[in-house]
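Asks: My questions will all concern the structure given below.
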Amino acid sequence: MVSEDEFSNRHLHVASNGIDSGLLCLQDLEALIPPGVGLLFPSEKAIELSDLPLNGENHESQVPSHLLVLDGTWSKAKRIYFENPWLKTIPHFKLSPSSPSLYEGVRKQPKSGYLSTLESIIYALKILEPDIIEGLDNLLEVFNSMLDDQRLYKQLKHLPRDH
40 MVSEDEFSNR
50 HLHVASNGID
60 SGLLCLQDLE
70 ALIPPGVGLL
80 FPSEKAIELS
90 DLPLNGENHE
100 SQVPSHLLVL
110 DGTWSKAKRI
120 YFENPWLKTI
130 PHFKLSPSSP
140 SLYEGVRKQP
150 KSGYLSTLES
160 IIYALKILEP
170 DIIEGLDNLL
180 EVFNSMLDDQ
190 RLYKQLKHLP
200 RDH
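The structure is reproduced here in structure tokens:
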């Protein structure tokens, strides 16, 4: 299990764009965005997260201390991005995974190399916080097990029923 204490200088904030959710609305976040925040989103101006210097002289000025992640389907994430112009004012970061999304075969990704929100967060933290890889791998194992169950359900759903 990964706890908040294991992340040396990263923070996770969850917000919703739903009005009745009881959470902070996404539009209200603009005023609350702390210095050092970056958006994990594969825009044209996004910098490859793994290309950042994780130590050294320019480390603090280039590596985000907070990552903002848009959660939802790809069409919903794109809509949130385009409906909130202030998101374009913060640095953008992207991932270039070496393997396809675990979601492949369960849910269609709009482009090769796109990942689920959970995978994106885990891979980003593996780059930014390499000391906690073991706990993150455990999360991926649980996620993959859930996806295996979904794949099995899809197969069983298409079998003829015995009467």
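Start counting the sequence shown at 40; every next residue gets the next number (my numbering).
The C-beta atom is built at its ideal place from N, Cα and C for all residues, glycine as well.
1. Give the straight-line distance between the Cα atoms of ASP90 and LEU186, rounded to the nearest whole angstrom.
2. For GLY174, which three-state DSSP category applies?
3. Three-state secondary structure (DSSP) at GLU180?
4. Can you name, in chain order, every residue of its own chain whose Cβ lies under 8 Å from the Cβ of LYS133, other than the five neighbours on each side?
5. Please list, in chain order, all residues of the same chain as SER165 whose beta carbon is under 6 Å from its beta carbon, the five residues on each side excluded.
6. Apart from the five residues just before and just after GLY77, which ones in its own chain have a Cβ nearer than 8 Å to its Cβ?
7. Quick one, are the C-beta atoms of PRO136 and LEU154 less than 8 Å apart?
8. Out of curiosity, what's the CA-to-CA distance linking PRO139 and GLU168?
9. Between the beta-carbon of ALA116 and the beta-carbon of LEU109, is there less than 8 Å?
Replies: Inspection of the coordinates gives the following:
1. In the sequence shown, residue 90 corresponds to position 51, counting from 1. In the sequence shown, residue 186 corresponds to position 147, counting from 1. Going by the C-alpha atoms only, they are around 30 Å apart.
2. Taking the sequence shown and counting its residues from 1, one reaches residue 174 at position 135. Assigned with DSSP and collapsed to three states, GLY174 falls in helix.
3. Numbered from 1 along the sequence shown, position 141 holds the residue referred to as residue 180. Looking at GLU180 - three-state DSSP - the assignment turns out to be helix.
4. In the sequence shown, residue 133 corresponds to position 94, counting from 1. Hits under 8 Å: LEU79, PHE80, PRO81, SER82, ALA85, ILE86, GLU87, LEU88.
5. Position 126 of the sequence shown holds residue 165. According to the sequence as given, residue 165 is Lys; it is not Ser. If the five residues before and after LYS165 are omitted, its C-beta is found closer than 6 Å to the C-beta atoms of ILE172, LEU175, all from its own chain and listed in chain order.
6. What you label residue 77 is simply residue 38 of the sequence shown in a count that begins at 1. Hits under 8 Å: PRO103, HIS105, LEU106, LEU107, ILE129, PRO130, HIS131, PHE132.
7. The residue given as residue 136 occupies position 97 in the sequence shown. The residue given as residue 154 occupies position 115 in the sequence shown. Yes. Within cutoff.
8. Stepping through the sequence shown from its first residue, residue 139 is reached at position 100. Stepping through the sequence shown from its first residue, residue 168 is reached at position 129. Roughly 22 Å separates the two Cα atoms.
9. As a working note, residue 116 is residue 77 in the sequence shown. As a working note, residue 109 is residue 70 in the sequence shown. Yes, the Cβ-Cβ distance between ALA116 and LEU109 is below 8 Å.
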